[in-house]
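Enquirer: Protein sequences appear in the order of chains Z and C. So for the first sequence, the working numbering puts the first residue at -7; every next one is plus one. So for the second sequence, the working numbering puts the first residue at 5; every next one is plus one.
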Amino acid sequence: MTNRRQEKDKFVSASQLAQMEVCERYVYFESVYGKQYSREQRDAQDRGNHAHEVFLQEAQLVNSKLNTDEDTKRWCFIASCAFTADAPEVRTLRVFRDRFLRKSRIGRAFIINYYRYSPAVVRKMERHSIAKRLTRACLRPLVFIASLMISISG
Amino acid sequence: MKILIAAFIVVVICRLLFRFIKRARARQAENTWLPSELRSAKLVFAERTFRTWKPFPLVARIDRGYLLNGMIVLTELKTRNIAQAYLSDIIELSAQKLAMEQETNFRISETAYVLTENPNTFRRHAHKVHLLSSASLIVMANRRQGIMNGEIEPCFAKSKGLCRHCVYHDQCKPELASNQ
């Protein structure tokens, strides 16, 4: 985890580089005091995020076979969002997917559709903590059944 | 049973029709701001992250990439009241070009588009920009590293208006800028 963090810190993002043109002192203070946002900056960021979300949805309407980050994040389940990416519940569901769902035609169809529609659900969930909690509560019995099936199958 | 099958067929047809109308509307809406050059281009990338270690560790997420005459034309969306492209946008797009070029074998166009969207009216304007060379980006990345290491004295913001809402205003003391 620490190595991943250190590796991430080595990278400079395109927007961080662009910030150099806006204000070099901001870059310096950000590195000294850490990332901080004023209310105006936070509002602008929220506006920008929303605009980008709409922009992506429009792009997906124009071309449904687009190459996006969502394609490379096959691990990004709704469960990953409700729990954490490496939570035991998520691991159980992954094993269940690989051991049971992948083996049947219906299961594979479910996986394909799940990957197609879950990013949109995840985006909505990320904005509402109640939705996250509700999903977690709904998933727990499913995780229990999945773990039972896994242990029975050995 | 026959009624159920008929209802199912109607639902499927309605869904297909709805999707077709939605797509047609989206294409029509795109054409209101899409530059004429990109109207024949194919949209191939959206919200895609690229990483490279060379010439320096760089990560960039592109908003959109259009395939035109075997080259990728980058587009960056910005929400702002003034319909204008800034040098910072050009730097960001140039960094995106560098990261994408290094990670993939695509040829990236030297020109790109900054798409400004007014947050109140949602009107979009596309601005064609010429990107910077990788050598300029390397100089900039080295300077950034120097600033962060405390080896180079960072410059104040060129526009005083930016300092008004800056979160580091108290530590920075921009009023001293005029004495520099």
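Every residue gets a Cβ at the ideal spot worked out from N, C-alpha and C, and that includes glycine. Note that the structure is a prediction, hence the values are computed from the model and not measured.
Between Ser23 of chain Z and chain C, is there a C-beta pair that is closer than 9 Å?
Expert: For the purposes of this step, residue 23 of chain Z is taken as the residue at position 31 of the first sequence. It does; some Cβ of chain C falls within 9 Å.
Enquirer: One question on the structure: do Ala87 of chain C and His134 of chain C come within less than 9 Å of each other, judged by their Cβ atoms?
Expert: Counted from its first residue, the second sequence places residue 87 of chain C at position 83. Counted from its first residue, the second sequence places residue 134 of chain C at position 130. Contact flag unset, no.
Enquirer: Step through the CB atoms of chain Z and report whether any lies within less than 9 Å of the CB of Arg52 of chain C.
Expert: Position 48 of the second sequence holds residue 52 of chain C. So, interface residue.
Enquirer: Examine chain Z for any beta-carbon lying closer than 9 Å to the beta-carbon of Pro39 of chain C, and answer yes or no.
Expert: If you number the second sequence from 1, residue 39 of chain C lands on position 35. For Pro39 of chain C, the answer is no, since every Cβ of chain Z falls outside 9 Å of its Cβ.
Enquirer: Between Ser7 of chain Z and chain C, is the shortest Cβ-Cβ distance under 9 Å, so that the two count as touching?
Expert: Here residue 7 of chain Z refers to the residue found at position 15 of the first sequence. Yes - at least one Cβ of chain C is within 9 Å of the one on Ser7 of chain Z.
Enquirer: Find the nearest neighbour of Ala103 of chain C within the set C:Tyr90, C:Ser44 and C:Arg52, judged by alpha-carbon distance.
Expert: For this step, residue 103 of chain C is matched to residue 99 along the second sequence. Nearest option by C-alpha distance: C:Arg52.
Enquirer: What is the DSSP secondary structure of Ala129 of chain Z, counted as helix, strand or coil?
Expert: Looking up residue 129 of chain Z in the first sequence gives position 137. Correct three-state label for Ala129 of chain Z: helix.
Enquirer: Could you tell me whether the segment 102 to 111 of chain Z touches the segment 15 to 27 of chain C, where touching means 3 or more Cβ pairs closer than 8 Å?
Expert: No, they do not touch.
Enquirer: Do the CB positions of Asn122 of chain C and Arg65 of chain C come within less than 9 Å of each other?
Expert: Here residue 122 of chain C refers to the residue found at position 118 when the second sequence is read from its first residue. Here residue 65 of chain C refers to the residue found at position 61 when the second sequence is read from its first residue. Cβ atoms of Asn122 of chain C and Arg65 of chain C: not closer than 9 Å.
Enquirer: Below 6 Å CB to CB, which residues in the same chain sit around Pro158 of chain C once its five sequence neighbours on both sides are set aside?
Expert: Locating residue 158 of chain C in the second sequence gives position 154, where the first residue counts as 1. So the list reads Ile151, once near-sequence residues are dropped.
Enquirer: When the Cα atoms are used, what is the spatial distance from Ser98 of chain C to Ala28 of chain C?
Expert: For the purposes of this step, residue 98 of chain C is taken as the residue at position 94 of the second sequence. For the purposes of this step, residue 28 of chain C is taken as the residue at position 24 of the second sequence. Going by the C-alpha atoms only, they are around 32 Å apart.
Enquirer: For the segment 107 to 127 of chain Z, which residues have a beta carbon sitting closer than 8 Å to at least one beta carbon of chain C?
Expert: Under the 8 Å Cβ criterion, the segment 107 to 127 of chain Z contributes no residue.
Enquirer: Should Arg17 of chain Z go down as buried or exposed, given a rule of 16 or more other Cβ atoms within 10 Å for buried?
Expert: Position 25 of the first sequence, counted from the first residue, corresponds to residue 17 of chain Z. Buried is the call here.
Enquirer: Distance check for Lys95 of chain Z and Leu47 of chain C, CA to CA, integer angstroms please.
Expert: Counting from one through the second sequence, the residue named residue 47 of chain C turns up at place 43. Counting from one through the first sequence, the residue named residue 95 of chain Z turns up at place 103. Roughly 35 Å between the two C-alpha positions.
Enquirer: Is Ile144 of chain Z near Val87 of chain Z, with beta carbons less than 9 Å apart?
Expert: By one-based count along the first sequence, residue 144 of chain Z stands at place 152. By one-based count along the first sequence, residue 87 of chain Z stands at place 95. Not a contact, by the Cβ cut-off of 9 Å.
Enquirer: Measuring only between beta-carbons, confirm whether Ile185 of chain C sits less than 9 Å from chain Z.
Expert: Residue 185 of chain C is absent from the structure shown; chain C starts at 5 and stops at 184.
Enquirer: Taking its Cβ as the centre, do 16 or more other Cβ atoms sit within 10 Å of Met5 of chain C, making it buried, or is it exposed?
Expert: If you number the second sequence from 1, residue 5 of chain C lands on position 1. Result: exposed.
Enquirer: For Leu141 of chain C and Thr56 of chain C, I'd like the C-alpha separation in whole angstroms.
Expert: Position 137 of the second sequence holds residue 141 of chain C. Position 52 of the second sequence holds residue 56 of chain C. Their Cα atoms are separated by approximately 13 Å.
Enquirer: Assuming Val63 of chain C contacts Phe21 of chain Z under a Cβ cut-off of 8 Å, what Cβ separation, rounded to an integer in Å, is found between them?
Expert: By 1-based counting over the second sequence, the position of residue 63 of chain C is 59. By 1-based counting over the first sequence, the position of residue 21 of chain Z is 29. About 22 Å; that fails the 8 Å criterion.
Enquirer: Does Ala59 of chain Z come out as helix, strand or coil in the three-state DSSP assignment?
Expert: Position 67 of the first sequence, counting from 1, holds the residue named residue 59 of chain Z. Just to set this straight, residue 59 of chain Z is Asn in the shown sequence, not Ala. Strand.
Enquirer: Would you mind working out which of C:Leu91, C:Glu96, C:Leu136 and C:Phe160 sits nearest Phe54 of chain C, comparing C-alpha positions?
Expert: As a working mapping, residue 54 of chain C is identified with position 50 in the second sequence. Measuring from the Cα of Phe54 of chain C, the nearest candidate turns out to be C:Glu96.
Enquirer: What would DSSP say about His129 of chain C, mapped onto helix, strand or coil?
Expert: Position 125 of the second sequence, counted from the start, is the residue given in the question as residue 129 of chain C. Looking at His129 of chain C - three-state DSSP - the assignment turns out to be strand.
Enquirer: Any C-beta of chain C sitting closer than 9 Å to the C-beta of Cys15 of chain Z?
Expert: In the first sequence, residue 15 of chain Z corresponds to position 23, counting from 1. With 9 Å as the cut-off, Cys15 of chain Z counts as an interface residue toward chain C.
Enquirer: For a contact defined as C-beta to C-beta under 8 Å, what are the partners of Gln100 of chain C on chain Z?
Expert: One-based indexing of the second sequence puts residue 100 of chain C at position 96. Under the 8 Å cutoff, chain Z gives Ala6.
Enquirer: Count the other C-beta atoms from every protein chain shown that fall within 10 angstroms of the C-beta of Ala11 of chain C, then say buried if there are 16 or more, exposed otherwise.
Expert: Position 7 of the second sequence holds residue 11 of chain C. So Ala11 of chain C counts as exposed.
Enquirer: Kindly identify the DSSP beta-bridge partner or partners of Gly69 of chain C.
Expert: By one-based count along the second sequence, residue 69 of chain C stands at place 65. According to DSSP, which records beta bridges pairwise, Gly69 of chain C is partnered with C:Phe49 and C:Leu78.
Enquirer: Since Val54 of chain Z and Glu34 of chain C should fall inside the 8 Å C-beta cutoff, what is the C-beta to C-beta distance between them, to a whole number of angstroms?
Expert: For the purposes of this step, residue 54 of chain Z is identified with residue 62 of the first sequence, where counting begins at 1. For the purposes of this step, residue 34 of chain C is identified with residue 30 of the second sequence, where counting begins at 1. That pair is a contact at about 6 Å.
Enquirer: Could you give the first and the last residue of the continuous beta strand (DSSP E) run that contains Ala79 of chain Z?
Expert: On the first sequence, position 87 is the one that residue 79 of chain Z refers to. Unbroken run through Ala79 of chain Z: none, as it is neither H nor E.
Enquirer: Under three-state DSSP, which class holds Lys65 of chain Z?
Expert: Sequence index remark: in the first sequence, residue 65 of chain Z carries index 73 (1-based). Its pLDDT being 49, under 50, Lys65 of chain Z is placed unreliably by the model, and nothing is read from it.
Enquirer: Going by CA-CA distance only, name the one from Z:Ala43, Z:Arg34, Z:Asp38 and Z:Val19 that's closest to Thr3 of chain C.
Expert: The structure shown has nothing for residue 3 of chain C, since chain C only spans 5 to 184.
Enquirer: Is the beta carbon of Ile76 of chain C less than 9 Å from the beta carbon of Ser44 of chain C?
Expert: Counting from one through the second sequence, the residue named residue 76 of chain C turns up at place 72. Counting from one through the second sequence, the residue named residue 44 of chain C turns up at place 40. No, they are not a contact pair.
Enquirer: Grouping DSSP H, G and I as helix and E and B as strand, with all else coil, what is Ser44 of chain C?
Expert: Working through the second sequence from its first residue, we reach residue 44 of chain C at position 40. Ser44 of chain C: coil per DSSP, three-state reduction.
Enquirer: Quick one: does Met152 of chain C have its CB under 9 Å from some CB of chain Z?
Expert: Within the second sequence, the letter at position 148 stands for residue 152 of chain C. Yes, Met152 of chain C counts as interfacial toward chain Z.
Enquirer: Taking only the alpha-carbon atoms, compute the straight-line gap between Lys65 of chain Z and Arg119 of chain Z and give it to the nearest angstrom.
Expert: In the first sequence, residue 65 of chain Z corresponds to position 73, counting from 1. In the first sequence, residue 119 of chain Z corresponds to position 127, counting from 1. Residue placement at Lys65 of chain Z is poorly supported in this model, since its pLDDT is 49, which falls under 50; the coordinates are not used for a value here.
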